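All remarks here apply to the structure that follows.
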Amino acid sequence: MPVDKAKESAALAAVNEQINNNVHIIGIGSGSTIVPAVQRIAELVKKDNLDLICVPTSLQARDLILSHGLKLGSLVEYQELDLAIDGADEVDEQFNCIKGGGGCQTQEKLVAICAKKFIVVADEKKWSTNLGDKWKKGIPLEVLPIAYKITKKEIEKQLGGEVVVREGTEKIGPVLTDQGNFILDWKFDSSKVSNWSDINQKLKLIPGVVETGLFINMISKAYFGNSEGNVQVKTNSAIVSA
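Letter by letter, the sequence shown follows residues 124 to 365 of my numbering.
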């Protein structure tokens with residue numbers, strides 16, 4: 124499928140450029156785009172005899188690491204990573220990013236903040252001028268189950284928009300994160316947002332919010348593939364990166 128080709132091309136380009144003998148501990152993201160990335164990492168580890176430890180951002184990532192015979196690490200053991208690679212739901216021209224469509228944003232952000240370099244891979248449709256231009260499902264928020272109604276009410280009161288509890292597709296009731304929390308999706312009016320850093324801070328200060336799906340100016344490089352297999356690399360000039 125064209126989208127799969129786009130994701131695969133982006134993942135392979137990123138791994139081929141970023142993985143080398145100087146990279147020893149990496150964070151492995153979650154989602155469909157990460158699958159070909161991990162496959163390629165495993166090939167390079169075997170081919171070049173690399174000593175590489177992989178820190179997962181989810182149960183899915185953990186299973187991917189183990190199923191490809193890679194060394195598994197954790198944030199309990201390693202708080203400084205050479206690199207983290209992950210997917211994205213949307214990235215804007217200021218390199219702000221929405222993540223959490225798969226419900227793993229808290230662990231993904233923890234891994235990303237520990238990395239010297241955070242890169243994302245995605246199909247070209249995930250690049251936009253402003254957040255919300257293409258991603259219409261809202262900002263994912265991990266919240267404490269006991270607080271979800273209070274948190275929902277407070278977000279709508281302070282920031283407007285609509286907050287919905289994410290429901291499971293093959294189960295009755297809310298989606299649970301790997302930490303056992305709920306996910307709220309805040310559907311915002313992008314025309315009323317001028318400063319995403321400010322919005323992120325306001326969301327994090329609302330009681331009950333564990334973490335947001337807003338990654339503010341954390342990306343060093345973004346790799347966007349298209350259906351023909353071509354890849355465009357976007358570099359964040361605000362962050363020193365190789």
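Just so it is clear, CB atoms sit at the ideal spot from N, CA and C, and this is done for glycine as well. Bear in mind that the values here come from a model prediction, so they are computed numbers and not experimental data.
In the assembly as shown, Ala361 is an exposed residue. Its beta-carbon has fewer than 16 other beta-carbons within 10 Å. Counted as a single uninterrupted DSSP element, the alpha helix (DSSP H) harbouring Leu326 occupies residues 319-327. Gln202 sits in coil when the DSSP states are folded into three classes, being neither helix nor strand. Ranked by how close their Cα comes to the Cα of Lys327, the residues Lys170, Glu277, Val178, Glu290 have Glu277 in first place. According to DSSP, Phe347 shares a beta bridge with Ala245, Gln355.
Collapsing the DSSP output to three states places Pro179 in a strand. Using a Cβ-Cβ distance cut-off of 8 Å, the region 172-190 and the region 260-276 are not in contact, since fewer than three pairs of beta carbons, one from each stretch, lie closer than that value. Gly223 sits close to Gly336, with the two beta carbons spaced by under 8 Å. Annotated three-state conformation of Cys227 is coil, per DSSP.
Take Glu231, set aside five residues on each side of it, and the residues of its chain with a beta-carbon closer than 7 Å to its own are Gly152, Ser153, Thr180, Asp209, Lys222, in chain order. Judged by their CB atoms, Ser197 and Val178 are nearer to each other than the 8 Å cut-off. Per DSSP, reduced to three states, the secondary structure at Val214 is strand. Shown here, Ile306 sits in a strand according to DSSP, grouped into three states. By the criterion of at least three beta-carbon pairs nearer than 8 Å, the region 337-347 is in contact with the region 232-249. When secondary structure is reduced to three states using DSSP, Glu265 falls in the strand class. For Gly296, the number of other beta carbons within 10 angstroms of its own is below 16, and it is reported as exposed. Across the structure, Gln162 and His191 are spaced so that their CA atoms are roughly 7 Å apart. When secondary structure is reduced to three states using DSSP, Ala207 falls in the strand class. By the Cβ test, the region 128-141 is in contact with the region 345-357, since at least three Cβ pairs between them sit closer than 8 Å.
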